[in-house]
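Q: Numbers 1 to 313, taken from the UniProt record's numbering, label the letters of the sequence shown in order.
For each residue, glycine too, the CB sits at the ideal point set by N, CA and C.
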Amino acid sequence: MSRRKTERLLNLVICLLATRRPLSAEQIRQAVPGYDPDNDEAFQRMFERDKNELREIGIPIEVHKDPWEDDPGYRIVREAYELPEITLEPDEAAVIGLAAQVWQRASLAEAASGALLKLTAGGVHADLAESPLELRVDTRDPAFPALWEAVRDRRAVAFDYRSAGSESVLRRTVEPWGVVSRRGRWYLVGHDRDRDAARVFRLSRITGAVSTLGRPGAFTVPEGLDLRAMVGYQELPNERVALVRVRKGTCLGLRHAAQAVRTGPEEWDEAEVTFADAERLAGWLASLGPDAVVLDPPDAREAVIRRLKGALQ
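Quick look at the structure:
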């Protein structure tokens with residue numbers, strides 16, 4: 001965000017907090033620096049964007065319609081804006097700090113950091129900089145953000161899914177109950193509408209975009225549901241070995257993870273890497289670009305090619 005926009009949003013918040021009566025858009029335009037005083041259309045667009053952005057970060061802008069006035073008025077009620085007093089025991093604050101650290105390298109990192117910043121502003125010390133605990137959660141599966149939001153909003157989703165040990169892709173429509181991590185992999189647990197039964201889906205086998213269906217709150221999550229137990233009972237595939245050609249002097253992480261590395265032809269070495277999920281392996285190897293080439297097995301090679309073609313498109 002630019003400095004000019006930051007200052008404008010801050011001034012808008014101060015203006016709406018300080019007023020004792022709702023202000024019209026024109027009054028706000030005159031009181032808050034940064035709005036175009038001459039171009040009405042440009043001001044309306046900018047003002048609407050600013051209101052939406054403030055509401056998205058949790059600032060409650062109230063709209064008041066006076067029957068004697070043509071235009072609505074806006075204000076921020078201080079009681080709704082200010083955080084209530086927050087009191088946490090040291091161990092509770094430590095758990096919050098640890099949770100924020102867990103998400104630092106995941107797709108929820110921004111939300112976790114924002115929550116920790118708000119708690120710090122409220123006087124809660126949750127810094128684990130000197131803690132021996134060091135946890136990380138990897139949510140690089142492309143489907144994770146959309147599914148997490150669908151679980152939060154209780155909205156049904158539809159996606160293409162590749163079953164274990166099969167190249168066939170089927171469309172699935174699911175009421176998502178939760179997302180669970182097990183042994184470094186993420187799973188979606190929910191009600192499969194097509195099969196009218198509870199099902200578990202591995203996120204790495206979801207291909208393409210996840211689509212949301214219907215309105216929020218469209219279903220109810222069963223009470224007493226044990227998502228971890230449902231995921232735990234799923235049969236995990238046996239690990240296999242992929243033969244990967246690696247350019248000399250590159251891919252140190254892959255070389256370290258490989259169970260064997262031997263000299264190959266010309267500028268290449270050959271590494272044997274164990275894996276259980278071809279799609280997850282493909283996501284890793286595709287990120288290495290031209291320095292890693294999968295030779296075998298065929299399904300892992302095809303999975304990498306699909307990833308690279310998708311990036312090219």
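(1) Name the DSSP bridge partner or partners of W268?
(2) Mind pulling the alpha helix (DSSP H) runs of 4 or more residues that sit fully within the region 23 to 49?
(3) By the 10 Å Cβ neighbour count, where 16 or more other Cβ atoms means buried, how is E239 classified, buried or exposed?
(4) Looking at the unbroken alpha helix (DSSP H) that takes in G253, where does it start and where does it end?
(5) Rounded to the nearest angstrom, what separates R162 and I61 at their Cα positions?
(6) Where H191 and L288 are concerned, what is the direct C-alpha to C-alpha distance, given to the nearest angstrom?
(7) Going along the chain, which unbroken runs of the beta strand (DSSP E) with 3 or more residues stay wholly within the region 150 to 222?
(8) Per DSSP, E69 forms a beta bridge with which residues?
(9) Report back the beta-carbon spacing between V200 and V231 to the nearest angstrom; my notes put them in contact at under 8 Å.
(10) Excluding the 5 residues preceding and the 5 following residue 388 in the sequence, name in chain order all residues of the same chain whose CB lies nearer than 7 Å to its CB.
(11) Just checking, does the region 282 to 299 make contact with the region 241 to 257 on the three C-beta pairs under 8 Å criterion?
(12) Go through its chain and collect everything with a Cβ distance to V261's Cβ below 8 Å, but skip five positions before and after it.
(13) Which term fits V210, buried or exposed, when burial requires 16 or more other beta carbons within 10 angstroms of its beta carbon?
(14) Could you tell me the distance, in whole angstroms, from the CA atom of E267 to the CA atom of L252?
(15) Considering A286, what are the terminal residues of the beta strand (DSSP E) in which it resides?
(16) Would P216 pass as a contact of D160 if the rule is Cβ separation under 7 Å?
(17) Let's see if you can read the secondary structure: which residues bound the alpha helix (DSSP H) around A80?
(18) May I ask which residues mark the beginning and end of the alpha helix (DSSP H) holding D299?
(19) Need the endpoints of the beta strand (DSSP E) that L263 sits in, please.
(20) Kindly indicate the opening and closing residues of the alpha helix (DSSP H) around E62.
(21) Using the Cβ count rule (16 or more neighbours within 10 Å means buried), how would you classify R172?
(22) Can you grab the Cα-Cα spacing for the pair L225 / F144, in whole Å?
(23) If you follow the alpha helix (DSSP H) that G232 is part of, which residue opens it and which one closes it?
(24) Under 7 Å between the Cβ atoms of A158 and L213?
(25) Alpha carbon to alpha carbon, how far is T274 from A229?
(26) Going by Cα to Cα distance, which pick from I76, R205, Y74, D299 is closest to V241?
(27) R20: buried (16+ other C-beta within 10 angstroms of its C-beta) or exposed?
(28) Given this structure, state the Cα-to-Cα distance separating I206 from L312, to the nearest angstrom.
(29) Spatial neighbours of L16 within its chain, please: C-beta separation below 8 Å, excluding the five flanking residues on both sides.
(30) List the DSSP bridge partners of R21.
A: In terms of the structure at hand:
(1) Within the DSSP bridge table, the entry for W268 names R247 as partners.
(2) The alpha helix (DSSP H) runs lying completely inside the region 23 to 49 and spanning 4 residues or more are 25 to 31, given in chain order.
(3) Classification for E239: exposed.
(4) In the DSSP assignment, G253 falls within the alpha helix (DSSP H) that extends over 252 to 257.
(5) Near 45 Å, if we compare the C-alpha coordinates of I61 and R162.
(6) Taking the straight line joining both Cα atoms gives about 36 Å.
(7) Entirely contained in the region 150 to 222, the beta strand (DSSP E) runs reaching 3 residues are, in chain order, 156 to 162, 169 to 182, 185 to 192, 197 to 202, 206 to 213.
(8) Beta-bridge pairing links E69 to no other residue.
(9) The beta carbons of V200 and V231 sit about 6 Å from each other, so the pair counts as a contact at 8 Å.
(10) Given that the chain is displayed from residue 1 to residue 313, the structure contains no residue 388 and the question cannot be resolved.
(11) Short answer: they touch.
(12) Cβ-Cβ distances below 8 Å link V261 to V246, R255, D269, E270, A271, E272 in the same chain, with the five nearest sequence neighbours on each side left out; the list follows chain order.
(13) Buried.
(14) Taking the Cα positions, E267 is about 15 Å away from L252.
(15) A286 -> not in any beta strand (DSSP E); alpha helix (DSSP H) instead, spanning 278 to 286.
(16) Not a contact, by the Cβ cut-off of 7 Å.
(17) That run of the alpha helix (DSSP H) goes 78 to 81.
(18) Note, D299: alpha helix (DSSP H), 298 to 312.
(19) Per the sequence shown, the amino acid found at residue 263 is Thr instead of Leu. Counting along the chain, the beta strand (DSSP E) containing T263 begins and ends at 260 to 263.
(20) Premise fails: E62 lies in the beta strand (DSSP E), 62 to 64, not in any alpha helix (DSSP H).
(21) The residue is buried, with at least 16 neighbouring Cβ atoms inside 10 Å.
(22) Take the alpha-carbon of L225 and the one of F144: they are about 21 Å apart.
(23) Membership of G232 in the alpha helix (DSSP H) is indicated by the continuous run 227 to 232.
(24) Yes, they are a contact pair.
(25) Cα-Cα distance, rounded: 26 Å.
(26) Nearest C-alpha to V241: D299.
(27) It is exposed - the Cβ of R20 has fewer than 16 other Cβ atoms within 10 Å.
(28) Rounded to whole angstroms, I206 to L312 spans 19 Å at the Cα level.
(29) Contacts found: L23, I28, I61, Y74, R75, I76.
(30) Answer is none; R21 lacks a bridge partner.
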